[in-house]
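Report on the following structure.
In the UniProt record's numbering, the protein residues as written are 1 to 192.
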C-alpha cells in the first residue's frame, strides 16, 4: 500500500514539475531561436536513417501500454514494478530538470494534463520513460517466467523502433534508459 501512495504522490508531483519544465524550455528555446542563437536540433544517426513517423506519435504510447498492462493482473509483480518505477522516474525527473535538450521540430506541447508526467512532453529527453517502463516490465516478466530472453529482446526492440520512428526520443535516451533501468533492477534499488 505504501508503494501505491508514493507512486500517486510522485505522479502528481511529476505532472506539476513536467508542466513547469515544458514552459521554461519552450520560452528558452523560442527566445534563443528568435535571436538566432541556437539551432534546435540534435544530430541523431537513427533519426537520420529511419523513416519519420512522427504523425503516428501515439503509437509508442500504445506499445508501452500493451507491454506494461499485464502487470496489472498480478499484485506482487505490480508492487515490485512500482517500487522500481518510482526510483527510476525520480532519477529521470532529475536528469530532465538539469539538462534540457531541444525538442523534435514537429513536437507540440499538449498542455496540462494529469497524465503529462506519464506520457511526457517535448523536452523530457535524456532518458526515455517509455523505454524504461517496458524494459523494466520485461525484466520482471523474465524473472517470473512469463517470457524468455529472446522475447524480452524482441519486445524491447519493437518498443525502441516505435520510439525512434515517432521521434519521441533520441537514440541516446534509449541507451541511458537501458543502463539506468538495468542498474536499478540488478541492485534491487526499489521502494518496498
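The C-beta atom is built at its ideal place from N, Cα and C for all residues, glycine as well.
Simplified DSSP state of residue i, which is helix, strand or coil
i, result
"residue 70", "helix"
"residue 127", "coil"
"residue 133", "helix"
"residue 143", "helix"
"residue 56", "helix"
Cβ neighbours of residue i in the same chain (closer than 6 Å, five flanking residues each side left out)
i, result
"residue 191", "3, 6, 83 and 86"
"residue 57", "166"
"residue 47", "none"
"residue 63", "159 and 162"
Residues near residue i in its chain [Cβ-Cβ closer than 7 Å; skip 5 each side]
i, result
"residue 81", "71, 136, 137 and 140"
"residue 156", "134, 135 and 138"
"residue 68", "133, 134 and 137"
"residue 93", "14 and 17"
"residue 52", "167"
"residue 114", "Per-residue confidence for residue 114 stands at a pLDDT of 49, beneath the threshold of 50, marking its modelled position as unreliable; the derived number appears in the next sentence. The residues are 15."
"residue 208", "Within the shown structure, residues of the chain are numbered from 1 to 192, placing residue 208 beyond reach of any answer."
Start-to-end residues for the alpha helix (DSSP H) that takes in residue i
i, result
"residue 98", "75-98"
"residue 159", "149-165"
"residue 21", "2-34"
"residue 202", "Nothing can be reported for residue 202, as the shown portion of the chain is limited to 1 through 192."
"residue 46", "45-49"
Buried/exposed call for residue i, threshold 16 Cβ in 10 Å
i, result
"residue 24", "exposed"
"residue 66", "exposed"
"residue 189", "exposed"
"residue 31", "exposed"
"residue 75", "exposed"
"residue 9", "exposed"
"residue 183", "exposed"
"residue 49", "exposed"
Same chain, Cβ closer than 8 Å to residue i, five either side skipped, listed in chain order
i, result
"residue 203", "Residue 203 is absent from the structure shown; the chain starts at 1 and stops at 192."
"residue 185", "84, 136 and 139"
"residue 152", "138, 139, 141 and 142"
Check: residue i C-beta below 7 Å from any heavy atom of the ligand NAD
i, result
"residue 106", "No copy of the ligand NAD occurs in the structure displayed, which carries no ligand at all."
query = Touch check for the segment 145-157 and the segment 31-46: three-plus C-beta pairs under 8 Å?
reply = Verdict: no, contact absent.
key: Touch test, the segment 120-135 against the segment 85-104, Cβ-Cβ under 8 Å, three pairs minimum   = yes
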